[in-house]
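Reading the sequence shown from the start, the letters are residues -3 to 195 in the working numbering.
By construction, the Cβ of each residue, glycine as well, lies at the ideal position given by its N, Cα and C atoms.
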Amino acid sequence: SLINYMNLAAEIGADGVTVHPGSHGGRGFETVLPHAAEAIKTVLDASPGGPCLAVENMAGMGQHIGAKFDELGRILDAVDSPRLKIYLDTQHAFAAGYDLTNPQEIQDMLAELDSGTGSANVAAVHTNDSKRVCGSGVDRHDNTADGFIGEEGFVAIMANPAFAEVPFLLEVPGFEGKGPDQQNMDILKKIGSQVGLSS
């Protein structure tokens, strides 16, 4: 169970556990919000302090909740715990309709998340490009700067002050189809150095 994973995270000294927020099953976000918040509170109450629980934003496929950042912000508000964080997946955000090539749209996205502490609730960033166009609703990761987000988008993301102290992690197919590789890491480091981030 999720509580067991949180306990294991505490045992090994992990920063946290990432979870997908699930589906509303056709009932709509408003109906499931109280239940989702209560379930998260139960997990946090039953697990030791230390590791955070990071809810990952979704791509907008089907009946998933958490594709829109205002939904994630409302979950943060309802749970009201410093241990609840957001795991930002760039491909999912792009698929959900946030044009990450536009610095202002990135700010607007973060403003939706603002629940008093705002972007401070972002625990980490899954830095993935997208095989599909913005707003496609389809979860299809591409290699760094090789998809529709492109280098322009990753410059805009990494230059945003909200992410200055946030780790960037890769969840990409790899240029040889073997997952995150040195080439992806080198591209990401190069973009980071362009905007003044240290690797």
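Beta carbon of residue i nearer than 7 angstroms to that of residue j
i: L166; j: T123; result: yes
i: G12; j: A160; result: no
i: V121; j: A155; result: no
i: D95; j: C130; result: yes
i: G69; j: E108; result: yes
i: G56; j: A91; result: yes
i: V51; j: I82; result: yes
Rounded separation between residue i and residue j - CA only
i: G175; j: G21; result: 32 angstroms
i: G24; j: S189; result: 43 angstroms
i: V151; j: I187; result: 6 angstroms
i: S19; j: L49; result: 18 angstroms
i: T14; j: D177; result: 22 angstroms
i: S43; j: P78; result: 14 angstroms
i: Q179; j: N117; result: 30 angstroms
i: V162; j: D66; result: 21 angstroms
i: S(-3); j: T27; result: 24 angstroms
i: P157; j: T38; result: 33 angstroms
i: L84; j: H16; result: 11 angstroms
i: G9; j: P47; result: 8 angstroms
i: H137; j: V168; result: 6 angstroms
i: G45; j: T86; result: 28 angstroms
i: I153; j: L40; result: 30 angstroms
Contacting residues, own chain, Cβ-Cβ under 6 angstroms from residue i (five flanking each side not counted)
i: M54; result: H60, G62, A63 and H88
i: G143; result: D125, S126 and K127
Coil, strand or helix - residue i by DSSP
i: K81; result: strand
i: V151; result: helix
i: L40; result: helix
i: S189; result: helix
i: L106; result: helix
i: V134; result: coil
i: V129; result: coil
i: G146; result: helix
i: T113; result: Caution applies to T113, whose pLDDT of 46 falls short of 50 and renders its modelled position unreliable; the value that the coordinates give is listed next. Three-state result, T113: coil.
i: V28; result: helix
i: E67; result: helix
Anticipated Cβ contact below 8 angstroms, residue i with residue j, distance rounded
i: A74; j: L4; result: So it is not a contact: roughly 26 angstroms between Cβ atoms.
Contact set for residue i: own chain, Cβ-Cβ below 8 angstroms, skip 5 residues either direction
i: L184; result: T123, T140, F150, F164 and L166
Same chain, Cβ closer than 7 angstroms to residue i, five either side skipped, listed in chain order
i: A33; result: I71, A74 and V75
i: G112; result: Residue placement at G112 is poorly supported in this model, since its pLDDT is 47, which falls under 50; the coordinates are not used for a value here.
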